[in-house]
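Some notes on the structure that comes next.
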Amino acid sequence: MACIQVIGGAPLKGEVWISGAKNAVLPIMVASLLGDGPSVISNVPHLQDVTTTMELLGRMGATLAVDDHLRIEIDPRGMQQFEAPYELVKTMRASILVLGPLVARFGHAVVSLPGGCAIGSRPVDLHLRALQQLGAEVTVVNGNIEARAETLKAANIIFDTVTVTGTENIMMAATLAEGTSVIENAAQEPEVADLANFLIKMGAKISGVGTNTLIIEGVKKLRGAEYSVLPDRIETGTFLVAAAITRGHVHVTRTQPRHLDSVIEKLRETGADIEIGDDWIDLDMHGRRPKAVNITTAPYPGFATDMQAQFTALNTITEGTAIITETIFENRFMHVQELLRLGADITVKGNSAIIRGRSGLTGAPIMATDLRASAGLVLAGLVANGTTLVDDVHHIDRGYENIEEKLGQLGAKIKRTASAGVVSRD
Ligand code: EPZ
226 MACIQVIGGA PLKGEVWISG AKNAVLPIMV ASLLGDGPSV ISNVPHLQDV
276 TTTMELLGRM GATLAVDDHL RIEIDPRGMQ QFEAPYELVK TMRASILVLG
326 PLVARFGHAV VSLPGGCAIG SRPVDLHLRA LQQLGAEVTV VNGNIEARAE
376 TLKAANIIFD TVTVTGTENI MMAATLAEGT SVIENAAQEP EVADLANFLI
426 KMGAKISGVG TNTLIIEGVK KLRGAEYSVL PDRIETGTFL VAAAITRGHV
476 HVTRTQPRHL DSVIEKLRET GADIEIGDDW IDLDMHGRRP KAVNITTAPY
526 PGFATDMQAQ FTALNTITEG TAIITETIFE NRFMHVQELL RLGADITVKG
576 NSAIIRGRSG LTGAPIMATD LRASAGLVLA GLVANGTTLV DDVHHIDRGY
626 ENIEEKLGQL GAKIKRTASA GVVSRD
């Protein structure tokens with residue numbers, strides 16, 4: 226496994242550009258299966274999950290072509306099998322997103338039931354129940370979800386819990402259902418809206434985009450379309466926190482500031498001086514130590530759970546004490562034990578972490594457990610005195626494009642090395 230070595234202490238300074246959003250490009254790549262011709266998707270980030278999704282679509286018979294301008298052409302006309310096998314689903318839970326499109330377009334899908342992951346049990350019961358409401362026959366046998374439907378029929382879906390991929394799965398399925406479907410308590414994340422906008426370019430009839438009520442009027446067929454993926458708000462937030470934690474001054478470009486209102490508000494609370502343009506955000510700490518800031522995660526437009534680990538890391542060195550409450554996932558404080566190894570003062574009680582800011586951290590070997598936790602650990606390494614070795618960083622490669630190059634350009638002393646050796650923690 227690869228490691229990232231960070232030598233802490235340098236305030237980050239300079240400009241960094243943002244890649245396309247992982248959580249938008251994955252559903253958009255899968256939605257291309259709904260078309261009766263090829264789609265071209267641009268501003269595609271170079272991520273492990275994108276590679277995995279390409280492999281998944283290729284295995285089903287789609288033809289894919291990639292050029293070096295971060296563009297992918299996906300032609301679903303050769304599709305001849307409709308299965309997402311376990312060996313791919315276990316590496317990327319987002320594979321569940323093929324379920325709705327496959328049933329809607331081909332009437333049949335077999336998708337391995339995603340297991341849990343480090344941050345929680347991650348059930349997909351809401352996806353399956355909503356698909357049944359659209360008229361699909363859904364069974365789970367031997368760890369596989371099998372869904373069949375001659376033709377899907379429109380339905381009124383009300384999600385008990387806001388679910389991002391659940392909303393995306395059902396929205397995609399409903400585009401080819403007979404009649405008009407309504408999804409209430411729909412996820413409002415910008416990535417859901419980006420998917421809806423791509424589907425509309427394919428000929429889908431969707432209204433309420435960006436709200437918690439989506440109305441989808443089914444059509445007979447969809448065509449291929451060209452689309453550029455929106456910038457990654459979580460990557461953006463991660464670099465803004467990198468600037469804050471190191472008391473630096475960073476200019477983030479090729480992003481969409483309006484998708485980060487809650488993150489920007491919280492960073493201003495730490496004392497950051499933030500200016501905003503059409504597609505850029507400038508954060509300057511003026512060398513000041515950040516102040517502690519309380520966080521409670523919530524569905525969009527609330528504070529993103531995918532930014533929680535980064536703010537937990539930030540609060541380890543702030544002036545004051547912060548409380549961070551995680552309301553979305555039941556086990557998303559795996560990074561705390563690793564931060565304690567760096568000298569942080571954190572107590573976890575239930576779904577809250579109480580963090581008493583320290584004047585500094587001390588580098589040590591630590592272990593990444595999941596995608597956003599590993600980002601938080603790298604941020605802590607940027608400010609810890611001495612050397613921090615973050616092991617198992619394959620997690621980070623799933624969601625961040627060339628993170629060490631981008632941080633290195635901002636003055637971080639960071640490099641990728643071979644693993645520090647097998648560490649068993651059980
Ligand atoms: C998406 O995951 C994102 N992944 C996650 O990002 C993100 O953390 C999450 O939304 C929340 O914003 C992608 O978009 C590919 P949910 P998803 O369904 O859709 C419960 C990252 O780091 N639930 O919105 O799987 C669930 O257990 C990843 O980029 C059910 O109970 O999350 C959770 O408590 C991590 N039954 C809550 O809903 C269901 O059928 C929200 O989960 C579905 C979800």
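Each position in the sequence shown, counted from 1, maps to that position plus 225 in the numbering used here. Beta carbons: idealized from backbone N, C-alpha and C, even for Gly.
- A distance below 8 Å separates the beta carbons of T461 and T480.
- R597 has its Cβ nearer than 7 Å to a heavy atom of ligand 1.
- Under the Cβ criterion (8 Å, minimum of three pairs), the segment 506-514 does not count as touching the segment 564-575.
- The beta carbon of L565 lies closer than 7 Å to those of I571 in the same chain, with the five residues before and after it left out.
- Between I580 and T541, the CB-CB gap stays under 8 Å.
- By alpha-carbon distance to G332, the top candidate from P339, S346, M304 is M304.
- The beta carbon of V269 sits no closer than 7 Å to any heavy atom of ligand 1.
- For the pair of segments examined, the segment 251-269 was found not to touch the segment 235-242: the number of CB pairs separated by less than 8 Å stays below three.
- A Cβ-Cβ separation of about 14 Å leaves A569 out of contact with G545 under the 8 Å criterion.
- Counting along the chain, no alpha helix (DSSP H) covers P456, and no H or E run does either.
- For R557, the closest C-alpha among the options P526, L596, R583, Y525 is that of L596.
- The bridge partners DSSP lists for H333 are R373.
- For E362, DSSP records a beta bridge to R373.
- Around the beta carbon of E362, fewer than 16 other beta carbons sit within 10 angstroms, so the residue counts as exposed.
- Looking at the backbone, the Cα of G260 and that of I425 are separated by about 11 Å.
- In the pairwise beta carbon analysis, the segment 431-446 is classified as not touching the segment 463-473: fewer than three pairs are separated by under 8 Å.
- If you look at N394, you'll find it in the alpha helix (DSSP H) that goes 389-399.
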